[in-house]
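Protein chains: 2
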Amino acid sequence: MIWLYGISGAGKTTLAHALEAHLAAEGVLTRILDGDELRKGLNRNLGYDDDARTENIRRAAETARLFLDTGIVTIAAFICPKRDMREMARQIVGEDEFVEVYVKASYEGCAKRDVKGLYAKAAKGEVKKFTGRDSSFEEPEAISSAIVLETERHGISRCTERILDVVIPRIHSRKSE
Amino acid sequence: MIWLYGISGAGKTTLAHALEAHLAAEGVLTRILDGDELRKGLNRNLGYDDDARTENIRRAAETARLFLDTGIVTIAAFICPKRDMREMARQIVGEDEFVEVYVKASYEGCAKRDVKGLYAKAAKGEVKKFTGRDSSFEEPEAISSAIVLETERHGISRCTERILDVVIPRIHSRKSE
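In order, the protein sequences belong to chains A and B.
Numbering-wise, numbering that gives the first Met the number 0 puts 117 at position 118 of the first sequence, and it's gapless, one number per residue.
Numbering-wise, numbering that gives the first Met the number 0 puts 62 at position 63 of the second sequence, and it's gapless, one number per residue.
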């Protein structure tokens, strides 16, 4: 399980698709669980306060567990703003299979690109509980097992490579078990 | 998607595993979503009143949709006691991919076998909202697209065959699309 998290527009979905393409080329079956997509289906009845966000992550992690049990490498892309939420996801998925990746980008940088137009809306107060503005984002602890990718400093191929360098040996060691 | 439903002990889980074994032999990837299993994970925070049961089925159908989108034949085994719930599942999954199978057995027959000891508990009033006793089970309409399997009259291999006769041609026609 590759757990990508970070603020809106940091590059999580782009990374998820790049990872999927690379893993497909290696013959590895994958499933992307994307926060925006899940909120159109499984999580459509959830809001954005802390409890709803925790439930959003809990359901995602439980769904990931179902895919992992089917032998499918699962790539999650969620804002997942609090350490507690990440810790819960890790518990549900299981330490052994959880690769935590912080997709790091500055609020200002993401607001400037504003691919989905959300930052402009948030500036006008039109987005409820917007992470980084109305709701805090907790970075991982300085000493943590998370891979930190600064997407404003490094290109997509370098970021993808850093994750695959960790993930591919783990997939192969599982296969040979 | 093979949607198996019926009262507790009717044979849903047994059928699901038999179907999985047969489909695996055909090289078809499957995922079983079992009501009891999901209530230990994704649906652990749900009770047994009608609203909670509807949400239980909604989440199962949305999760099935995610598996179907990954190319995995999904087999659900839920009591799913109301026609409305089945209709909702069909809507979420999509008419084209939904094979509805009513796993039919009598309350008395299931109570007699009582594999999980639930009927004995229910008789003592120790199981909340037990389907067929405290909570009603709605059979499919007389004229419906559901396959009806009477598991007290026919053995597992005959029941499995009846489902596979419908499902396998549909899998092959999808592959060739």
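Heads up, the beta-carbon is just placed ideally off N, CA and C, and yes, glycines get one too.
Keep in mind that this is a model prediction, so the values were computed, not measured.
Query - Residues from the stretch 27-41 of chain A in contact with chain B, defined by Cβ distance under 7 Å - result: Arg30, Gly40 and Leu41
Query raised in the report: Whose Cβ in chain A lies nearer than 7 Å to the Cβ of B/Glu61?
Result: Gly40 and Leu41
Query raised in the report: Do you know offhand how far B/Val166's Cα is from B/Ser135's?
Result: 29 Å
Query - Interface residues of chain A facing B/Leu18 [CB-CB closer than 8 Å] - result: Ordered by position in chain A, no residue passes the 8 Å Cβ test against B/Leu18, which lies about 15 Å from the chain.
Query raised in the report: Listed from N- to C-terminal order along the chain, which residues in the stretch 63-88 of chain A have their beta-carbon within a distance smaller than 7 Å of any beta-carbon of chain B?
Result: Arg64, Leu65, Thr69 and Ile71
Query - Contact list for A/Arg58 against chain B, beta-carbon separation under 7 Å - result: Leu41
Report task. Could I get the ranges of all uninterrupted alpha helix (DSSP H) runs contained in the stretch 65-112 of chain A, with 4 residues as the minimum, in chain order? Result -> 82-92 and 106-112
Query raised in the report: Do A/Cys109 and A/Gly8 come within 9 Å of each other at the CB atom, strictly closer than that value?
Result: yes
Query raised in the report: With DSSP run on the structure shown, which of helix, strand or coil describes B/Val27?
Result: coil
Query - First through last residue of the alpha helix (DSSP H) which encompasses A/Glu36 - result: Gly34 to Leu37
Query raised in the report: Among B/Met0, B/Asp35 and B/Tyr118, which one has its Cα closest to the Cα of B/Thr69?
Result: B/Met0
**Report entry** Reference B/Ala15; option with closest CA among B/Glu149, B/Leu65, B/Cys158 and B/Gly93
**Finding:** B/Cys158
Report task. Following the continuous alpha helix (DSSP H) through B/Val165, name the residue where it begins and the one where it ends. Result -> Ile155 to Lys174
Query raised in the report: Under a CB-based cut-off of 9 Å, is B/Asn44 close to chain A?
Result: yes
**Report entry** chain A contact for B/Ile91 (CB, 9 Å cutoff)
**Finding:** yes
Query - Inter-residue CB distance, A/Thr13 and A/Ile155 (contact presumed, cutoff 8 Å) - result: 6 Å
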